Amino acid sequence: MIFTETELSGSYILEINKLEDPRGFFARTWCKREFEEHGLNTNLSQCNMSFTEKKGTFRGMHYQAAPHGEAKLVRCTSGTIYDVIIDLRPDSQTYKKWFGIELSQKNTKMLYVPEDFAHGFLTLEDKTEVFYQMSEFYYPESARGLRWNDPAFSISLPSDISAIAERDATYPNYTL
2 MIFTETELSG
12 SYILEINKLE
22 DPRGFFARTW
32 CKREFEEHGL
42 NTNLSQCNMS
52 FTEKKGTFRG
62 MHYQAAPHGE
72 AKLVRCTSGT
82 IYDVIIDLRP
92 DSQTYKKWFG
102 IELSQKNTKM
112 LYVPEDFAHG
122 FLTLEDKTEV
132 FYQMSEFYYP
142 ESARGLRWND
152 PAFSISLPSD
162 ISAIAERDAT
172 YPNYTL
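Everything in the sequence shown is counted per our numbering, starting at 2 for the first residue and increasing by one.
Now the structure itself:
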């Protein structure tokens, strides 16, 4: 795998090395050794997936607060998403900055999201499926969220939102 750190310290774009032949290709999407070499969280507590019927649906911005912070490895297995992360580490040089990337079935890129980052995505195609590997179990009491359009972050999306959960649309303004 090819690891490219984004401008948000500790987050990475991962690209697979395809071993191709006439049948198609084979590629590794997870390797504990390679993640350890990059100083990334290698704990794998659960895997989740989401399926979204319609283009223009926004999910997020979600995270789990301490002591249950979670790292995520996000991959779009069908369709296309615009994936967004926000650095919520107050001691970070990139605190409150965001990063976005298109993940798709075609480009096969993945995004590593460290603990203490919020995560969300906008579907850019109908019938989109996203697969997540999580370093921590889900704890409802630690679940938190932010509005994608909170002025504290100034996130710019590539297209309009046509559907969003009431909860995700009504989080209060961010304060530390």
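Positions of the beta carbon are idealized from the N, C-alpha and C atoms, including for glycine. Everything numeric in this text was worked out from a predicted model, so none of it was measured.
Contacts around residue 53, its chain only, beta-carbon distance under 6 Å, and the 5 residues preceding and following it disregarded = Exclusion of the five residues before and after residue 53 leaves 124 and 129 as the residues of its chain whose Cβ lies within less than 6 Å of its Cβ.
Closest residue to residue 91 among 116, 73 and 168 (Cα-Cα distance) = The shortest Cα separation from residue 91 among 116, 73 and 168 belongs to 116.
Backbone CA spacing between residue 98 and residue 120 [nearest angstrom] | Near 12 Å, if we compare the C-alpha coordinates of residue 120 and residue 98.
Proximity below 8 Å, CB of residue 51 to CB of residue 77 | No, Cβ-Cβ distance for residue 51 and residue 77 is not below 8 Å.
Three-state secondary structure (DSSP) of residue 73 = Residue 73: strand per DSSP, three-state reduction.
Please classify residue 151: does DSSP put it in a helix, a strand, or coil?
-> In the three-state scheme derived from DSSP, where H, G and I count as helix and E and B as strand, residue 151 is classed as coil.
Taking all protein chains shown into account, do 16 or more other C-beta atoms lie within 10 angstroms of the C-beta of residue 60, making it buried, or fewer, making it exposed?
-> Looking at its Cβ environment, which holds 16 or more other Cβ atoms inside 10 Å, residue 60 is buried.
Please confirm whether residue 178 and residue 85 have their CB atoms less than 8 Å apart.
-> Residue coverage of the chain in this structure runs from 2 to 177, which leaves residue 178 outside it and unanswerable.
Identified DSSP bridge partners for residue 40 | Paired residues: none, contrary to the question.
Does DSSP put residue 169 in a helix, in a strand, or in coil?
-> It is helical.
What residue range is occupied by the uninterrupted beta strand (DSSP E) comprising residue 123?
-> DSSP places residue 123 inside the beta strand (DSSP E), whose first and last residues are 118-124.
Enumerated in chain order, which unbroken segments of the beta strand (DSSP E) with a length of 3 residues or greater are wholly contained in the stretch 43-113?
-> Taking only runs of at least 3 residues, the beta strand (DSSP E) segments lying wholly in the stretch 43-113 are 47-53, 58-65, 73-79, 81-88 and 99-105.
Span of the beta strand (DSSP E) around residue 20 = 20-22 is the span of the beta strand (DSSP E), which, as asked, contains residue 20.
For residue 135: DSSP bridge partner residues | For residue 135, which the question treats as bridged, DSSP gives the partners 47 and 73.
Could you pull out every residue in the same chain whose Cβ sits closer than 8 Å to the Cβ of residue 163, ignoring the five residues on either side in sequence?
-> Once the five neighbours on either side are set aside, the close Cβ partners of residue 163 are 55, 56, 57 and 58.
Based on Cα-Cα distance, which residue from 113, 16 and 139 lies nearest to residue 69?
-> Out of 113, 16 and 139, 139 has the C-alpha closest to the C-alpha of residue 69.
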